[in-house]
Amino acid sequence: MERTKLTLLVGAWILALGLGSVWAGNPPRDGGKDSKGTVEGSKSAAKLPNPVGVLQKVAKSLAKARSYRACLDVQGGFATRADHEVTEVTVRESYEGEIHGTLMSCKQPKAFRTQKKGAAYIEGNWRDLLSDRSMTKMERLFRFPEEIFDRALRNAPKGATWLNPQPRDSGSSGASSPKEEDDEASSSVDEQPDGGPATGRTVVVKKAEKVKNLAEAAVALPRFIRIELPPEEALTALITVQNSNCFGGG
Amino acid sequence: MSSLDKSLTSAYYDIEIDHASQLPVTVKMVLLAATKGETEVDKATKKIVGGKHVAFWFNYKFSDFGKITKPDVPREAQRILARG
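Note that the protein sequences, when read in sequence, are chains A and B. Numbering (the working numbering) for the first sequence: 1161 to 1410. Numbering (the working numbering) for the second sequence: 559 to 642.
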């Protein structure tokens, strides 16, 4: 009796081992496709350019740009959730500025600013920007884009990473269909028995694959770089915001 | 804002880039600060994960590169800008 039990136990153990190894080698439900995607993803992640270098180029291009428009929406207050969505709003402001060289002009409130000084049209007169409370708020909250990039660049070597390295939906949707077509083409060649025309067609597929890879590389470039600021920098930014009087101090 | 815990602050930028022009499209800055005794913090990463805390979201959008005409700055405003 005991011998039978033991035989059954050993049998069950062997069966479990066998199934485990089968699943490990070939994960159930679209396993092949998923793992291929992951491998492709990691390959493209490995090819990603250095975010710091990209950021430097962007900052340089921005500095070279003669003029541009910058719009800012600020929302601040208290949050209670992990996504930091503001649930108790203490400040909600929108600003728009036209930047021409080192000068920013704002229509509402009417003001001209440089990184060091500002003049605002207050009660029919041009005055120093900081002589008015609402202007001070704008000065503190609406930073010059170059200033933002300076700070970002300063902290990029330690804290810059690409966000969502997978291709974006909008960009990849156009690229995915030719990819699928190519996959189908190559598989159809593979499935064909060896013959005269097959070699010629295989070459075509290889060329198509090269083109596909180049297109994928361009599409796969993520668009977002995240730069984590060290706590000291975060504190400096917080104090600037606090000095704008938008914390409900008055 | 006396309840602010300035020893627990964090901030990050998310910068969106147009790779073709190598210019920024958007910049999001999120600034967080704990409030004393009310904020949940991950002890390992020292990051704010919940509870009551201060959050500021700055969303910048950039556009019209090279399309802005030079503004005409009034003389009085020029004088203020020129002051050291």
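Idealized CB from N, CA, C, for every residue including glycine.
Does the CB of A/P1327 have a neighbour CB from chain B at under 8 angstroms? In the first sequence, the residue the question calls residue 1327 of chain A occupies position 167. Any reading at A/P1327 must be qualified, since the residue scores a pLDDT of 49, below 50, and its modelled position is unreliable; no value is offered.
Straight-line CA distance for A/G1237 to B/A635? Taking the first sequence and counting its residues from 1, the one referred to as residue 1237 of chain A is at position 77. Taking the second sequence and counting its residues from 1, the one referred to as residue 635 of chain B is at position 77. Between the C-alpha atoms of A/G1237 and B/A635 there is a straight-line separation of about 34 angstroms.
Around the C-beta of A/G1180, are 16 or more other C-beta atoms found within 10 angstroms, so that it is buried, or is it exposed? Here residue 1180 of chain A refers to the residue found at position 20 when the first sequence is read from its first residue. Unreliable positioning characterises A/G1180 in this predicted model, as indicated by a pLDDT of 41, which lies under 50. A coordinate reading is not provided.
Under 8 angstroms from the C-beta of A/E1299: neighbouring residues of chain B: Taking the first sequence and counting its residues from 1, the one referred to as residue 1299 of chain A is at position 139. Those do not exist, as A/E1299 stays about 13 angstroms from chain B at its closest Cβ, beyond 8 angstroms.
Alpha-carbon spacing of B/K619 relative to A/E1258, whole angstroms: Here residue 619 of chain B corresponds to residue number 61 of the second sequence, with the count starting at 1. Here residue 1258 of chain A corresponds to residue number 98 of the first sequence, with the count starting at 1. C-alpha separation (whole angstroms): 12 angstroms.
Based on the DSSP secondary-structure assignment, which residues constitute the bridge partners of B/E574? To locate residue 574 of chain B, count along the second sequence from 1; it is residue 16. BP columns for B/E574 point to A/F1384 and B/T584.
Determine the chain A residues that contact B/A592 at a beta-carbon separation under 8 angstroms, and present them in chain order. Position 34 of the second sequence holds residue 592 of chain B. Within 8 angstroms Cβ-Cβ: nothing; B/A592 doesn't reach chain A, min ~11 angstroms.
Roughly how many whole angstroms lie between the Cα atoms of B/K564 and A/M1298? Residue numbering aside, residue 564 of chain B sits at position 6 when the second sequence is read from its first letter. Residue numbering aside, residue 1298 of chain A sits at position 138 when the first sequence is read from its first letter. Those two C-alpha atoms are separated by around 23 angstroms.
Taking three-plus beta-carbon pairs below 8 angstroms as touching, is the segment 574-586 of chain B in contact with the segment 605-621 of chain B? yes
Taking only the alpha-carbon atoms, compute the straight-line gap between A/S1294 and A/R1273 and give it to the nearest angstrom. For this step, residue 1294 of chain A is matched to residue 134 along the first sequence. For this step, residue 1273 of chain A is matched to residue 113 along the first sequence. Approximately 15 angstroms, taken between the alpha carbons.
Does any CB atom of chain A fall closer than 8 angstroms to the CB of B/D622? Within the second sequence, residue 622 of chain B is the residue found at index 64, counting from 1. With 8 angstroms as the cut-off, B/D622 counts as an interface residue toward chain A.
Under three-state DSSP, which class holds A/S1294? Taking the first sequence and counting its residues from 1, one reaches residue 1294 of chain A at position 134. Residue state, collapsed to three classes: helix.
Beta-carbon proximity check, A/F1304 vs A/A1219, cutoff 8 angstroms: Counted from its first residue, the first sequence places residue 1304 of chain A at position 144. Counted from its first residue, the first sequence places residue 1219 of chain A at position 59. No, the Cβ-Cβ distance between A/F1304 and A/A1219 is not below 8 angstroms.
Give the interface partners of B/A613 over in chain A, defined as CB-CB distance under 8 angstroms, in chain order. In the second sequence, counting from the first residue as 1, residue 613 of chain B sits at position 55. Residues of chain A passing the Cβ test: G1236, G1237, F1238, A1239, H1244, E1245 and V1246.
Is the CB of B/D572 under 8 angstroms away from at least one CB in chain A? One-based indexing of the second sequence puts residue 572 of chain B at position 14. Judged by the 8 angstroms Cβ criterion, B/D572 is in contact with chain A.
So, does the CB of A/S1404 fall closer than 8 angstroms to a CB anywhere in chain B? What you label residue 1404 of chain A is simply residue 244 of the first sequence in a count that begins at 1. Taking Cβ atoms only, chain B never reaches closer than 8 angstroms to A/S1404, which makes this a no.
Buried/exposed call for A/V1214, threshold 16 Cβ in 10 Å: For the purposes of this step, residue 1214 of chain A is taken as the residue at position 54 of the first sequence. By the neighbour-count rule (16 or more Cβ atoms within 10 Å), A/V1214 is buried.
Quick check: is the beta carbon of B/K564 nearer than 8 angstroms to any beta carbon in chain A? Along the second sequence, read from residue 1 onward, the residue named residue 564 of chain B stands at position 6. It does: the Cβ of B/K564 has a partner Cβ on chain A nearer than 8 angstroms.
Which residues mark the beginning and the end of the alpha helix (DSSP H) in which A/F1309 is found? The residue labelled residue 1309 of chain A in the question sits at position 149 within the first sequence. Per DSSP, A/F1309 is one residue of the alpha helix (DSSP H) stretching across P1305 to G1319.
Is any beta-carbon of chain B found at less than 8 angstroms from that of A/F1304? The residue you call residue 1304 of chain A lines up with position 144 of the first sequence. False, the Cβ-Cβ gap to chain B never drops below 8 angstroms.
Starting from the Cα of A/R1386, find the closest Cα among A/I1399, A/L1313 and A/V1251 and give me that residue. Sequence index remark: in the first sequence, residue 1386 of chain A carries index 226 (1-based). Comparing Cα-Cα distances from A/R1386 to each of A/I1399, A/L1313 and A/V1251, the minimum goes to A/L1313.
What does the Cβ neighbour count give for A/T1262, buried or exposed, with the cut at 16 atoms within 10 Å? Translated into positions along the first sequence, residue 1262 of chain A becomes position 102. Exposed.
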